[in-house]
Amino acid sequence: MTPTENSSDSTHFGFREVRREEKAGLVRGVFDSVAGSYDLMNDLMSAGVHRLWKSAMIDWLMPQKGQHLLDVAGGTGDIAFRFLDRVGGEGHVTVLDINHAMLSVGQDRAIDQGRLHGLDWVNGDAQKLPLTDKSVDAYTIAFGIRNVTDIPLALREAYRVLKPGGRFLCLEFSKVEAPLLKQFYDFYSFKLLPEIGGIVAKDKASYQYLVESIRLFPDAENFAEMLREAGFGQVKYRLLSGGIAALHSGWRL
Ligand code: SAM
Numbered sequence: 012m013t014p015t016e017n018s019s020d021s022t023h024f025g026f027r028e029v030r031r032e033e034k035a036g037l038v039r040g041v042f043d044s045v046a047g048s049y050d051l052m053n054d055l056m057s058a059g060v061h062r063l064w065k066s067a068m069i070d071w072l073m074p075q076k077g078q079h080l081l082d083v084a085g086g087t088g089d090i091a092f093r094f095l096d097r098v099g100g101e102g103h104v105t106v107l108d109i110n111h112a113m114l115s116v117g118q119d120r121a122i123d124q125g126r127l128h129g130l131d132w133v134n135g136d137a138q139k140l141p142l143t144d145k146s147v148d149a150y151t152i153a154f155g156i157r158n159v160t161d162i163p164l165a166l167r168e169a170y171r172v173l174k175p176g177g178r179f180l181c182l183e184f185s186k187v188e189a190p191l192l193k194q195f196y197d198f199y200s201f202k203l204l205p206e207i208g209g210i211v212a213k214d215k216a217s218y219q220y221l222v223e224s225i226r227l228f229p230d231a232e233n234f235a236e237m238l239r240e241a242g243f244g245q246v247k248y249r250l251l252s253g254g255i256a257a258l259h260s261g262w263r264l
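Next up, the structure:
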């Protein structure tokens, strides 16, 4: 059984097995706790590399003026802001996130940066999108999908809301294969990262969960298969930084 295929009434929350109905509340607790220090922690944990990965995502998306992007698990607005910058403000992004605290950090950032147009902020669940069928040109999800309880359901929802010809892009942690890099990465993830989370975010347990959830997420080949099963065509992926992260692309044909 893979980590995404638990028995019908249980699932993983990090390495812990929990009842499926418990997971969303536990994930919400993590992001309630880390929202205030989320951006700073991202920079610290990745030495700023998450910015390059997010730019790579927008490069591959190739946004066009007038497009409507749905950025799911959009949190503090990183993907949305990059998209709008790329289209010179001539587009629209719906930022959807299950967590109020993350959305309000994003909204504050938008105001601070003078971003008054082209954004709407929706509190919602990737598994039950409050959007009509075939209504968006592109769907993005960055470091969000592994937190979702029923990933195949979220992927089917993505497919449903995309217009025919619409693009799906997912940025997520993946699997490091090179032995030396893997050794260093494991040490860094399990020993150092939760300690940094404890000091900076005052929440070691949440960062322990984040590390564990990364390890349980399927490798790029298996996730690509999940995209095909959800109906996507032209499924491709690119490994980033030796497989620490991966970008996944698919189309609603
Ligand atoms: N996309 C942002 C980024 O890359 O910086 C935020 C990523 S953060 C690691 C994960 C986000 O997923 C959190 O904001 C969390 O609230 C959100 N999330 C978790 N489960 C979700 C769900 N079922 N539906 C929508 N958002 C969810």
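To get this note's numbering, take the position in the sequence shown, counting from 1, and add 11. Don't be surprised by glycine CBs; every beta carbon is placed ideally from N, CA and C.
Where the alpha helix (DSSP H) through residue i begins and ends
i             : result
glutamine 118 : 111-123
leucine 204   : 204-211
glutamine 194 : 190-198
aspartate 54  : 49-57
aspartate 70  : 60-72
Element boundaries [beta strand (DSSP E), containing residue i]
i                 : result
asparagine 134    : 130-134
aspartate 96      : From DSSP, aspartate 96 is part of no beta strand (DSSP E) but of the alpha helix (DSSP H) over 89-97.
phenylalanine 24  : 21-24
phenylalanine 179 : 173-184
arginine 30       : 27-30
aspartate 148     : 147-153
lysine 139        : Element bounds for lysine 139: n/a, residue is neither H nor E.
arginine 249      : 244-251
alanine 256       : 256-262
Whether residue i touches residue j by CB criterion (9 Å)
i                : j                : result
serine 260       : tryptophan 64    : no
phenylalanine 94 : leucine 72       : yes
arginine 157     : phenylalanine 26 : no
valine 133       : alanine 84       : no
proline 74       : alanine 149      : yes
valine 41        : leucine 221      : yes
valine 187       : isoleucine 255   : yes
aspartate 70     : valine 116       : no
alanine 153      : aspartate 82     : yes
threonine 87     : alanine 46       : yes
aspartate 43     : arginine 31      : no
Residue nearest to residue i in terms of C-alpha spacing, selected from the options
i              : options                           : result
methionine 113 : Ser48, Ser185 and Leu250          : Ser48
valine 172     : Ala241, Leu192 and Lys213         : Ala241
isoleucine 35  : Asn110, His79 and Thr105          : The sequence as given places alanine at residue 35; isoleucine does not occur at that position. Cα-wise, what sits closest to alanine 35 is Asn110.
arginine 249   : Asp20, Met68 and Ser44            : Met68
proline 175    : Gly244, Glu232 and Asp70          : Gly244
lysine 139     : Asp108, Lys202 and Ser185         : Asp108
glycine 155    : His128, Ser185, Asp144 and Asp131 : Ser185
glycine 177    : Arg62, Arg120 and Arg263          : Arg263
(request) Report yes or no: do the stretch 157-167 and the stretch 96-103 share at least 3 C-beta pairs separated by less than 8 Å? (result) The stretch 157-167 vs the stretch 96-103: no contact.
(message) Within 8 Å, do at least three Cβ pairs link the stretch 204-212 to the stretch 173-190?
(response) With a cut-off of 8 Å, the stretch 204-212 and the stretch 173-190 do not count as touching, because too few Cβ pairs lie within range.
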